[in-house]
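Protein chains: 4
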Amino acid sequence: LVYPGAHHTRFHHALGAMHLMDSALRVLIDKGVEISKEEFSSAKSAILLHDIGHGPFSHALENFFFEGPGHEAVSKELIHRLNLEFDGKLTMAEQMFNNTYPRPFFHQLVSGQLDVDRLDYLKRDSFFTGVEEGNVNSERIIKLLNVDEDQLVVEEKGIYSIEKFLVARRLMYLQVYYHKTVIASEFQLIKTLERARHLSKMGENIFGTDSLIYFLKNRPKLDKGIDDEVLETFIRLDDADVMSAINQWNFSAEKVLKLLSNKIINRKLNKIIFLKKSLDPNRIIELENEVAQRFDIEQKDASYFIYSDILNINSYPKDSGLIKLKLKSEEILPLSSVSSLLHDNSLHITESKNYISYPVELNRFEI
Amino acid sequence: LVYPGAHHTRFHHALGAMHLMDSALRVLIDKGVEISKEEFSSAKSAILLHDIGHGPFSHALENFFFEGPGHEAVSKELIHRLNLEFDGKLTMAEQMFNNTYPRPFFHQLVSGQLDVDRLDYLKRDSFFTGVEEGNVNSERIIKLLNVDEDQLVVEEKGIYSIEKFLVARRLMYLQVYYHKTVIASEFQLIKTLERARHLSKMGENIFGTDSLIYFLKNRPKLDKGIDDEVLETFIRLDDADVMSAINQWNFSAEKVLKLLSNKIINRKLNKIIFLKKSLDPNRIIELENEVAQRFDIEQKDASYFIYSDILNINSYPKDSGLIKLKLKSEEILPLSSVSSLLHDNSLHITESKNYISYPVELNRFEI
Amino acid sequence: LVYPGAHHTRFHHALGAMHLMDSALRVLIDKGVEISKEEFSSAKSAILLHDIGHGPFSHALENFFFEGPGHEAVSKELIHRLNLEFDGKLTMAEQMFNNTYPRPFFHQLVSGQLDVDRLDYLKRDSFFTGVEEGNVNSERIIKLLNVDEDQLVVEEKGIYSIEKFLVARRLMYLQVYYHKTVIASEFQLIKTLERARHLSKMGENIFGTDSLIYFLKNRPKLDKGIDDEVLETFIRLDDADVMSAINQWNFSAEKVLKLLSNKIINRKLNKIIFLKKSLDPNRIIELENEVAQRFDIEQKDASYFIYSDILNINSYPKDSGLIKLKLKSEEILPLSSVSSLLHDNSLHITESKNYISYPVELNRFEI
Amino acid sequence: LVYPGAHHTRFHHALGAMHLMDSALRVLIDKGVEISKEEFSSAKSAILLHDIGHGPFSHALENFFFEGPGHEAVSKELIHRLNLEFDGKLTMAEQMFNNTYPRPFFHQLVSGQLDVDRLDYLKRDSFFTGVEEGNVNSERIIKLLNVDEDQLVVEEKGIYSIEKFLVARRLMYLQVYYHKTVIASEFQLIKTLERARHLSKMGENIFGTDSLIYFLKNRPKLDKGIDDEVLETFIRLDDADVMSAINQWNFSAEKVLKLLSNKIINRKLNKIIFLKKSLDPNRIIELENEVAQRFDIEQKDASYFIYSDILNINSYPKDSGLIKLKLKSEEILPLSSVSSLLHDNSLHITESKNYISYPVELNRFEI
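Here is the structure:
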């Protein structure tokens, strides 16, 4: 809805990440790191499967389908079941994915500050959006990887490439992943489905595939494992289940659901304004009133259309591990103590922004 | 299903073709062709809208939704209604689309042997499939266009570029558009929907959005115009309506529909063999028997799974007009009388191939 | 002088061709062709060195420096001497280059209708000139190579790629390698050096590096081998020897040499007209008279500036071997008996064109 | 000598920069900046000519040919003379180049922190070296330019693109322009020419074109203008004059000149080591002794081969102006007060590095 060229899929990404894993492992082998045939193919299986738990519309709907963490738990469970199906041939891949394999660099390549996941999606998203500044020289970064005591490190001469990788990543977060129109449309998608769930729970007969209806009626919590019914229903779902339902709801008799669906189908997306501070609750009530009047709906339903929240952006969070450089002197140091550009940790800071999302039919200056 | 990278859309194509129309018109203006502002924007509107009548899965399902010609009639009608909606601002665009505008080169740019439609889709499909040989130098061909007595011509020095364009187009037909897996999977999609229609007509309750169900129950003929209900229902449909239905039918109680849907969802695509001559009808009956046994279905339903037909391929049909060259001597000649490579019209010949499409579960050598 | 972007060098080409040889050999090994380590590295050495005998301005000046065939003889001799210098480590490479190695496909990869030489230079020249239509899908063609009884063949499914390769090659010949401005400027370079040679032989003191002066005074014939002095002098020469001499001759006291050099330095390139038949000798004399008057030089020197000849173009000569296809039936056939596009051998025909090259200062219509 | 693909020329750069100037001016006009036809073509002429004063090997030899600043003075004088030759048609271009035109943004586009010169060469050098990280999104930066009170500014939403531009520029300085092999080979070229000059001044007869010999005998100072003889001789020179002389000197009777030339022809390039502090003068004398012995030359000539200096790198010097952002609030602020990434001015800091350049024949660990 923002970059029309960005029509690539998670399947492309999985293949691409597997391809980069292959390159990375060959580079490490050439540098003398011992990697067995089984480790080689397990690392490739682990990355091929790393995103297998994503459902329709991925991160946007993850919290709608599940209470609490979602796709990692599903990925973990699916890899576990695939391993059973393949008679244990995926045991090592499963360990690498779960970070229980004794040599940590394999997990770090699957999921870490310099994993092949990021190296693929940043380059791919930059290419298909046309946001050239987000391009990442994945090939060169991979050539500069090394392993020191089973930990992933980058060789010293890669420092400028890594600096540029982090700057590019920050830019992709700010210009693509957290683009205002992205935030607004994800919000509208969620609200539409929440309305359908609300109606479904009120006993109304809502159109949808059986699997979608199941998740309107249920929002499982995955902290104690995933039961068979939940898993099997979830993997039947894809984007088409959601989109066809919205196509149909667009002609629903229920006013709020019809209006929400119509806004998605006809691209009447909400607007976002970033605010210096959080909005006064009274002002929100006023705005909700206005929305209710404008759309001729009840006040209590206005929050489907107008909404205020805080956005937290950190493209290089400290807690997911630091990038480590291996100097020519063999010393291992975190990037930030070597880079003259990034020495002050400015990239680690979380930027928090208050915003309000409101219907395009409202006048901006009334906010 | 063949080239996973080829995930681009008709919307991308419409924007790209409009962009090329813009370039082509600027080139013609620079060469002294008089083009008014209204003609300029009308030609761009005409190409932007030229494919607007395509439904879900486009050519593959066109014949399923309608009896007889489909998308052109719908495009024509939609452009007509848009023109009414825009108070006649699209009148000239409509004429260009319908070839009733007095200066034929505008229509030829929208739909002809060297239209910007082809210049866009060949380049785009070549790029996204990765079939580099199909790449077409659209930019240069456009620079070599000219107009002579309101007819589109190519300047003499473009002859080698045009030769290469025709060879590239032929290759795209043979390697992409008529790829065996493409033929096989289109066939399976159609058969699945035909089964659903059959059941629906038998009075069974089939899952689907209202608009999809409408087209299971009806297969309108468009030769006498399109009635409002047909048109309004058709434009509500998109790929998600079809795919979500197949997702659901995959768990249908009806054996044939369930099996057909399952084969699509799980990529059990038919195989295609090209045959020297058409298959003996008795042999087909034998094969249908075998299929019926294999899938434990009735013999009369075997033709949903095995099927024989003729494929006609002509990437440069004579009847859609010839490419004309304007020589330095000002003479206008058809390409084939100038090109030493294509003088024998080998590119005009229609290649016809008998083939049989059969379930992957059958052994090839049994055919 | 025609495509300013085409500033790439023979060194780039040698590296690129070696890279493609590496790919081609890996493809063949993957298909089960047995290739020893020594054969592998010898084939790479052979292609790396295949053009080593080229002198300044390559084909353009080959005939100026030597009487009769030039660069192949020099390449052959240099590879021979390198082999001596490397204690016979290049023996197999030398055999492959000279086509005396028992398995012919190695030589065919170095020099044949589908050698990696062409696969590199066509792609490279297409890229740097910007003549996109000449682009060749080298990667795919290489993937389709195979070996049958030690002869190089192409697999049947590669037929369209090969058709397109031949059409692209023809286009590069016509639009790049035999571009009129290329023909004209090569002619002027040769004539300038011929004038310098003439003056040098008349005893005048001509500026130039010792190695250039040597070749003004000598034009060795290589049919009986190359003597040490010739070879050692020749390899000292590069483009800078020629260009710096022309820079200096541009200020020469000798009128004809100064004028010829000046035309090169200041890009006053001759024009070329293709003629239906060869020019009447009397007309040539008239034109020479006119040139002599225009430049105030003697009539006998006019042929340095105006010149008539025949150009023969054949991008797929029969005598350098045919491309052979290996059908799925295991049968080996020449491309022309399989391709429906090229069945009439139109690509084998030599096109001959009479032309006259004349100074830009003359009026075209006077020719 | 470092990135073999980087074989592009200053001519390519001049055309490219003119192309970007064209784009930039069209963007500004679209934003409502008034630019007359004469200003438009003058700005394009100014950038087309901005590097016209560069001699052979550009920056590397600038100080060899002239005492004090070189190419700007020559460019300025050549533009002045071209203006006379073109009857004053370049007067406005000359003013823009010299920053005497009343609207400063034209000069800033020719020469400033965000001029089209840099936007072209960074992108071009990144492409041809293959150092992808140095790629700059010139097209987008140009789209974000604006003019405020005749000063060039960047629109606020361009902040991340500019951050990335500065990071990319720094990387190109560190990985390309100041690559050790670049420093080493420029040094050897200069030393070779200095030896030739020394011998020429001692009365020896040195080979070279007249124009090269002139600059061996003279090293003009340009602070009081350029006299005709200097200018006319300088513009006759190109790289071929230098390279052909070195080709010939490689066979010189004079030992030092022959050795220096030979090292260039045969790519025996010096090595560079960066040092924590400057080298002890006594240690340098020891090393010179060693070099003299190794090459059997006089001690006083050893400094042609071994050399110690300081390298100062600043890719964003404060004194050539700051990049200014125009906020949505219309406020104009320097980039560093807005960017959370670059707020600490780390990009402005000059990095100084001591280094020694020594012959490859010496053992590194002896330094």
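Protein sequence lines, in the order shown, are assigned to chains A, B, C and D. Reading the first sequence from the start, the letters are residues 911 to 1277 in the working numbering. Reading the second sequence from the start, the letters are residues 911 to 1277 in the working numbering. Reading the third sequence from the start, the letters are residues 911 to 1277 in the working numbering. Reading the fourth sequence from the start, the letters are residues 911 to 1277 in the working numbering. Every residue gets a Cβ at the ideal spot worked out from N, C-alpha and C, and that includes glycine.
- [ ] With distances taken Cα to Cα, identify the nearest neighbour of Leu1232 (chain D) among D:Val1248, D:Ile1182, D:Ile1220, D:Met931.
- [x] When only C-alpha atoms are compared, the closest one is D:Val1248.
Open item on the list: Whole angstroms are fine: how far does the CA of Ile1052 (chain B) sit from the CA of Leu938 (chain B)?
Closed with: Here the C-alpha atom of Leu938 (chain B) lies approximately 9 Å from the C-alpha atom of Ile1052 (chain B).
Task: CB of Val1086 (chain B) within 8 Å of CB of Gly1044 (chain B), strictly - done: Yes, the Cβ-Cβ distance between Val1086 (chain B) and Gly1044 (chain B) is below 8 Å.
Open item on the list: Is the separation between the beta-carbon of Ile892 (chain D) and that of Ile1174 (chain D) shorter than 8 Å?
Closed with: Shown here, chain D extends from 911 to 1277; a query on residue 892 (chain D) therefore has no answer.
- [ ] Label Arg1129 (chain A) either buried or exposed according to how many other C-beta atoms from any shown protein chain fall within 10 Å of its C-beta, with 16 as the threshold for buried.
- [x] Arg1129 (chain A) sits exposed, since fewer than 16 C-beta atoms from the chains shown fall within 10 Å of its C-beta.
Open item on the list: Quick test of the definition: if touching needs 3 or more C-beta pairs under 8 Å, does the segment 1139 to 1153 of chain A touch the segment 1212 to 1231 of chain A?
Closed with: Counting Cβ pairs under 8 Å, fewer than three are found: no touch.
- [ ] Excluding the 5 residues preceding and the 5 following Met955 (chain C) in the sequence, name in chain order all residues of the same chain whose CB lies nearer than 7 Å to its CB.
- [x] Just to set this straight, residue 955 (chain C) is Ser in the shown sequence, not Met. For Ser955 (chain C), where only same-chain residues beyond five positions count, the Cβ hits under 7 Å are Leu1000, Ala1003.
Task: Amino acids of chain C, ordered along the chain, whose beta-carbon sits closer than 9 Å to that of Asp1120 (chain D) - done: Chain C residues near Asp1120 (chain D): Phe1117, Gln1158, Phe1161.
Task: Residues of its chain near Asp1058 (chain C), where Cβ-Cβ distance is below 7 Å and the 5 sequence neighbours each way are ignored - done: Cβ within range, chain order: Lys1236, Ile1242.
Task: C-beta neighbour in chain C for Pro914 (chain D), strict 8 Å - done: The beta carbon of Pro914 (chain D) sits closer than 8 Å to some beta carbon of chain C.
Task: Delimiting residues of the beta strand (DSSP E) encompassing Ser1048 (chain B) - done: No beta strand (DSSP E) holds Ser1048 (chain B); the alpha helix (DSSP H) holding it covers 1048 to 1053.
Task: Residues bridged to Leu1235 (chain D) [DSSP beta-bridge criterion] - done: Answer is D:Val1064, D:Leu1243, bridged to Leu1235 (chain D).
Open item on the list: Using a 10 Å radius around the Cβ and a threshold of 16 neighbouring Cβ atoms, would you call Met1112 (chain D) buried or exposed?
Closed with: Exposed.
- [ ] Determine, using beta carbons only, whether Ile1116 (chain C) and Ala970 (chain C) come nearer to each other than 8 Å.
- [x] With respect to the 8 Å criterion, Ile1116 (chain C) and Ala970 (chain C) are not classified as neighbours on the basis of their beta carbons.
- [ ] Starting from Ile1194 (chain A), follow the alpha helix (DSSP H) in both directions and report where the run begins and ends.
- [x] It spans 1191 to 1205 - the alpha helix (DSSP H) in which Ile1194 (chain A) sits, taken as one unbroken run.
- [ ] Pair every Cβ in the segment 1178 to 1189 of chain B with every Cβ in the segment 1079 to 1095 of chain B, then say whether three or more of these pairs are closer than 8 Å.
- [x] In this structure the segment 1178 to 1189 of chain B lies against the segment 1079 to 1095 of chain B, because at least three pairs of beta carbons, one per stretch, are closer than 8 Å.
- [ ] Compile a chain-ordered list of the residues in the segment 1134 to 1153 of chain D whose CB is closer than 9 Å to at least one CB of chain C.
- [x] Here the close residues are Arg1146, Leu1147, Asp1148, Asp1149, Ala1150, Asp1151, Val1152, Met1153.
Open item on the list: So, at 8 Å on beta carbons, what are the nonlocal neighbours of Val1166 (chain A) in its own chain, with the 5 sequence-adjacent residues on each side left out?
Closed with: The answer, listed in chain order, is Arg1105, Ile1207, Asp1211, Tyr1214.
Task: Continuous beta strand (DSSP E) stretch holding Ile1182 (chain D): start and end - done: The continuous beta strand (DSSP E) containing Ile1182 (chain D) extends over residues 1181 to 1185.
Open item on the list: According to DSSP, is Lys937 (chain B) part of a helix, a strand, or is it coil?
Closed with: One detail in the question is off: residue 937 (chain B) reads as Val in this sequence, not Lys. Assignment of Val937 (chain B) by DSSP, reduced to helix, strand and coil, places it in the helix class.
Open item on the list: Please report the straight-line C-alpha distance between Pro914 (chain B) and Thr1039 (chain B), rounded to a whole angstrom.
Closed with: If you take the alpha carbons of Pro914 (chain B) and Thr1039 (chain B), they lie about 7 Å apart.
TODO: Would you kindly check if the distance between the Cβ of Phe1015 (chain D) and the Cβ of Val1046 (chain D) is under 8 Å?
DONE: If you check the CB distance, Val1046 (chain D) and Phe1015 (chain D) do not come in under 8 Å.
- [ ] Using 10 angstroms around the beta-carbon of Lys1238 (chain D), count the other beta-carbons present and answer buried if the total reaches 16, otherwise exposed.
- [x] Counting of Cβ neighbours within 10 angstroms places Lys1238 (chain D) among the exposed residues, the total staying below 16.
Task: Three-way DSSP call (helix, strand, coil) for Ser1218 (chain C) in this model - done: Judged by DSSP in its simplified three-state form, Ser1218 (chain C) adopts strand.
- [ ] Return the CA-CA distance between Ser1225 (chain B) and Leu1245 (chain B), expressed in angstroms with no decimal places.
- [x] Leu1245 (chain B) has its alpha-carbon roughly 15 Å from the corresponding atom of Ser1225 (chain B).
- [ ] Using a Cβ cut-off of 7 Å, pull out every chain C residue sitting near Lys1074 (chain B), in sequence order please.
- [x] Within 7 Å Cβ-Cβ: Glu1043, Val1077, Ala1078, Leu1081.
Open item on the list: For a cutoff of 8 Å on Cβ pairs, would you count Thr919 (chain D) as touching chain C?
Closed with: Residue contact check for Thr919 (chain D) against chain C: a CB pair falls below 8 Å.
Open item on the list: Could you tell me which whole alpha helix (DSSP H) segments of length 4 or greater appear in the segment 977 to 1052 of chain C?
Closed with: Assignment of alpha helix (DSSP H) within the segment 977 to 1052 of chain C, counting only whole runs of 4 or more residues, yields 981 to 995, 1001 to 1008, 1014 to 1020, 1026 to 1039 in chain order.
Open item on the list: Let me make sure I understand the geometry here. Which of D:Asp1030, D:Pro1227, D:Lys986, D:Leu1122 has the alpha-carbon closest to that of Asp932 (chain D)?
Closed with: Considering only alpha carbons, the answer is D:Asp1030.
Open item on the list: In whole angstroms, give me the CA-to-CA distance for Ile1223 (chain B) and Asn1264 (chain B).
Closed with: The C-alpha of Asn1264 (chain B) is placed about 11 Å away from the C-alpha of Ile1223 (chain B).
Task: Cβ neighbours of Asp1060 (chain D) in the same chain (closer than 7 Å, five flanking residues each side left out) - done: Excluding positions up to five away in sequence, the list reads Arg1013, Pro1014, Phe1015.
- [ ] Rounded to whole angstroms, what's the CA-CA distance from Glu1114 (chain D) to Val1140 (chain C)? Just pull it up for me.
- [x] Whole-angstrom Cα-Cα distance: 29 Å.
TODO: Flag Ser1239 (chain B) as yes if its beta-carbon sits less than 8 Å from any beta-carbon of chain C, otherwise no.
DONE: False, the Cβ-Cβ gap to chain C never drops below 8 Å.
Open item on the list: How far does the alpha helix (DSSP H) with Ser968 (chain D) in it extend, from its first residue to its last?
Closed with: Note, Ser968 (chain D): alpha helix (DSSP H), 968 to 975.
TODO: Report the residue ranges of all alpha helix (DSSP H) runs contained in full by the segment 1109 to 1172 of chain D; include only those spanning at least 4 residues, in chain order.
DONE: Here the runs fully enclosed are 1120 to 1127, 1138 to 1146, 1149 to 1159.
Task: Exposure of Leu994 (chain D), with buried meaning 16 or more beta-carbon neighbours within 10 Å - done: Only exposed fits Leu994 (chain D), as fewer than 16 other CB atoms lie within 10 angstroms of its CB.
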